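**Q**
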Amino acid sequence: MKREETLLSETEQLFKTIFDEAGTGIAVVDLFIGEPIGNNRALQTMLGCSEEELSHFATFNELTYEPNRQLDAELFNELCVGRLDNLRMEKHFVLKDGRSVWSNAIFTLLRDCDRRPRYIIVIHEDITERKRALEKLQAQEQELRRTAAFLAQAQHLSSTGSFAWHVSTTNEITWSDELYRIFELDRAAPITTELIRMRVHPEDLAQFDKTVHEARTTGKDFECQYRLLLPDNSIKYLRVVAQATRDQDGQLEYIAAVQDVTERHLSEQAIDKARSEVAHVARVMSLGALTASIAHEVNQPLSGIVTNASTCLRMLDADPANVDGARETARRTIRDARRASDVIVRLRALFGRKDMVAEPVDLNETTKEVIGLLRNELQRNQVAVHAELANDLPRVAADRIQLQQVIFNLIRNAADAMSSVQDRPRQLVIKTENGGDSVCLKVQDTGIGVDPEVVDQLFQPFYTTKNDGMGIGLSVSRSIIDSHNGCLWATRNDGPGATFSFCLPRHD
Amino acid sequence: MVRRPLISVVDDDESVRESLPDLLQEFGFDARAFSSAEEFLAADLLDQTDCLILDVAMPGRSGPDLYRELTVRRQKLPVVFITAHRDENVRPRLLAQGATDCLFKPFSDLALLSALELALGMK
């Protein structure tokens, strides 16, 4: 008996120690008595109550978060009457000091040998900390979702997409929604360089590949612009700004923003176009002034003709007829008529200038000015301009404005000749050369070229393939160069395209 | 003997200076031509001139400038302006200032004659 008692006492001691020292709250309910008969220190600490207070159901009830009391009680009752053997629930307690405490409550029913409900063991695991952390996490997640939504909206509003490119590791590229939209690609598609290349405009592929290669090898920040050619043949202009970073393992990664600048580009094009139109209108208006000037110039000799002819008639009507006088008036009439004709010819060639103003002109400077005027238009038409201007070029005696007009005409013609070229780069080379006692300028293109048989026809008046009034034709260009004692001609290139050249005698 | 009226012509254009005096002679006037306002004033023919034919636009002093100066000097003469610039606003202004007429080149001989007769009739 004593050994059994000792064993029992030892077992009791064992479980009592477990009970007392457990970090989890434990309560034992005796269903015969109908009250909790035991609770451990952990539970007391958790619920902020004394051992005595926790010996009453009422305490547990009061501590239960009010809205839950009825349900919790009903569930507990199911255990008490034996309809349930186990119960797990999350219990929300509100302590005396107002603090909330959450517990993972596990209820286990113990039956007696007649299967009647006898005891209930309740284990309370304090999950308050965990719950708070979860709530915080959920709030953060929600905040993150909101931020992501704002970001997506911002990207959408500004037509900017973004991507992350894990260069050194997986070469994986992660895209934002907006970027998929910009590229008009299915969101499900995994992004690879090949897929992107499918969208890049063929003319920009070389540049694109170069940028990618450089990014891979140098790991430096980069910026670039290229076009997309979309399945419906529309074009988008993109601007990419990428920053190199290292991820947590020190591996190279690029974070980039890609902006659809098509609208801005088209606006810039429209502005350029508007600018040229304004220049054109200004030119036309000054043409109006020119016309007035021409009228003025012509009306003078015309007036002379009318006056002389009137005088002539009166002289012949006189009695006796003043034949000598009439003869003189006739002579003057012829001279005035010639004057009128000269005026027309001169003004047509001069295109706005009353008199040709000759001064020492630096052809290099003049050429640079004209290139500057046409730069935007050439860029827009993807014409690459190379100026090879000779050093120490002697000056020529010329009307600078007229020479500008000739160079303007030649460059524009060259650009026009290349406008239909698709299969080779559109290259424009403008050279100035010192030719001893002359100075030469050559405009070389890679366009449709000239037929040597009929090249002279190009310089005929009224020969025109395009006439938008912005410049002077080749015939006038030639007459300007001729009037400067120079020579203007065209030759076919060895390769594609033509070269238009003129030479002028040097001045100094 | 009735003195023929003297018409002084001031115009920088050579054709006009060459042709007008002969026509004026055929009209029965005496005529002198000058290439500028300065030349005319230097010739000191103001007192003898019965009527002026002035070109509007000239380098240096313009026709209207000369006319204004004469008005200020109280040496006003009848004036017929001639001009190669077709500007609709010019004629009314000049008429308001007292000019007899403003003719656009090329003008007919009859138009000139009738303007001169009107100018001289007013003297």
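Just so you know, the sequences run in chain order C and P. At position 105 of the first sequence (counting the first as 1) the number is 105 in the working numbering, and the numbers step up by one without a gap. At position 11 of the second sequence (counting the first as 1) the number is 1011 in the working numbering, and the numbers step up by one without a gap. Note that beta-carbon positions come from the ideal geometry of N, C-alpha and C, so glycine has one too. Nothing here was measured: the structure is a model prediction, and the numbers come from that model.
Please confirm if P:D1109 has its CB atom under 7 Å from at least one CB of chain C.
**A** Yes - at least one Cβ of chain C is within 7 Å of the one on P:D1109.
**Q** Rounded to the nearest angstrom, how far is the Cβ of C:G325 from that of P:D1022, given a contact under 8 Å?
**A** 7 Å
**Q** Say whether chain C places a C-beta atom closer than 7 Å to the C-beta of P:S1015.
**A** yes
**Q** Which partner residues does C:G25 have in the DSSP bridge list?
**A** Answer by DSSP bridge pairing, in chain order: C:H124.
**Q** Got a sec, what are the start and stop residues for the beta strand (DSSP E) C:L238 sits in?
**A** 235 to 246
**Q** When the Cα of C:V306 is compared with those of P:S1108, P:S1114, P:A1115, which residue comes out closest?
**A** P:S1108
**Q** Which residue wins for smallest C-alpha separation from P:A1084, given the options C:S483, C:G304, C:R338, C:Q259?
**A** C:G304
**Q** To the nearest angstrom, how far is it from the Cα of C:S475 to the Cα of C:V406?
**A** 10 Å
**Q** For C:T193, report the span of its alpha helix (DSSP H) as first-last.
**A** 193 to 199
**Q** Which whole-angstrom value is the C-beta distance of C:L378 and C:L428, which I expect to be below 8 Å?
**A** 7 Å
**Q** Please list, in chain order, the chain C residues whose beta carbon lies closer than 9 Å to that of P:R1086.
**A** Correct list: A292, A295, H296, N299.
**Q** Quick check: the region 487 to 499 of chain C against the region 1016 to 1030 of chain P, are at least 3 beta-carbon pairs closer than 8 Å?
**A** Three or more beta-carbon pairs separated by less than 8 Å are not found between the region 1016 to 1030 of chain P and the region 487 to 499 of chain C, which leaves the two stretches without contact.
**Q** Listing by chain order, which chain C residues have their CB less than 8 Å from the CB of P:E1117?
**A** Result: empty, since nearest Cβ-Cβ is about 16 Å, beyond 8 Å.
**Q** If you drop the 5 nearest sequence neighbours on each side, which residues of the same chain put their C-beta closer than 6 Å to that of P:F1081?
**A** L1054, V1056, G1063, L1094, A1099, C1102
**Q** Give a single yes or no on whether C:A58 has its beta carbon closer than 6 Å to a heavy atom of the ligand GTP.
**A** This structure lacks the ligand GTP; in fact it carries no ligand of any kind.
**Q** What number of angstroms, rounded off, separates the C-alpha of C:D20 from the C-alpha of C:R246?
**A** 53 Å
**Q** Would you check if the distance between the CB atom of C:T160 and the CB atom of C:Q251 is smaller than 7 Å?
**A** Not closer than 7 Å, so no.
**Q** Taking a Cβ distance cut-off of 7 Å, strictly less, list which residues of the region 1052 to 1063 of chain P are near chain C, in chain order.
**A** none
**Q** Apart from the five residues just before and just after P:D1012, which ones in its own chain have a Cβ nearer than 8 Å to its Cβ?
**A** S1035, S1036, D1055, M1058, P1059
**Q** Output, in chain order, the set of chain P residues within a Cβ distance shorter than 9 Å of C:L302.
**A** S1015, A1084, K1105, P1106
**Q** Run down chain P in chain order and give the residues with a C-beta less than 9 Å from the C-beta of C:R339.
**A** E1014, S1015
**Q** Whose C-beta lies closer than 6 Å to the C-beta of C:M315 among residues of the same chain, with five residues either side of it excluded?
**A** N322, G325, A326
**Q** Secondary structure at C:D445, three-state DSSP: helix, strand or coil?
**A** strand
**Q** CB-CB under 6 Å to C:E388, same chain, minus the five flanking residues each way: which ones, in chain order?
**A** K431
**Q** Alpha carbon to alpha carbon, how far is P:A1119 from C:N308?
**A** 23 Å
**Q** In the structure shown, what three-state DSSP assignment does C:P320 receive?
**A** coil
**Q** For C:D177, does the three-state DSSP call read helix, strand or coil?
**A** helix
**Q** Using a Cβ-Cβ cut-off of less than 7 Å, give me the residues of the region 1021 to 1055 of chain P that come near chain C, in sequence order.
**A** D1022, L1023, E1026
**Q** Would you be able to state if there are at least three C-beta pairs under 8 Å between the region 31 to 42 of chain C and the region 51 to 62 of chain C?
**A** yes
**Q** Look up C:T432 in the DSSP assignment and say whether it is helix, strand or coil.
**A** In this structure, DSSP gives C:T432 an extended state, which the three-state scheme calls strand.
**Q** Can you check whether the CB of C:I173 is closer than 7 Å to the CB of C:I26?
**A** Their beta carbons are not under 7 Å apart, which means C:I26 does not touch C:I173 by this criterion.
**Q** For C:H296, which of P:K1105, P:L1052, P:L1112 has the nearest alpha-carbon?
**A** Among P:K1105, P:L1052, P:L1112, the Cα nearest to that of C:H296 is on P:K1105.
**Q** Between the Cα of C:A73 and the Cα atoms of C:T169, C:K210, C:F107, which residue gives the shortest distance?
**A** Of the listed residues, the one whose Cα sits closest to C:A73 is C:F107.
**Q** Inspect the beta-carbon positions of C:Y226 and C:A242 and report whether they are closer than 7 Å.
**A** no
**Q** To the nearest angstrom, report how far apart C:F208 and C:L151 are at their CA atoms.
**A** 27 Å
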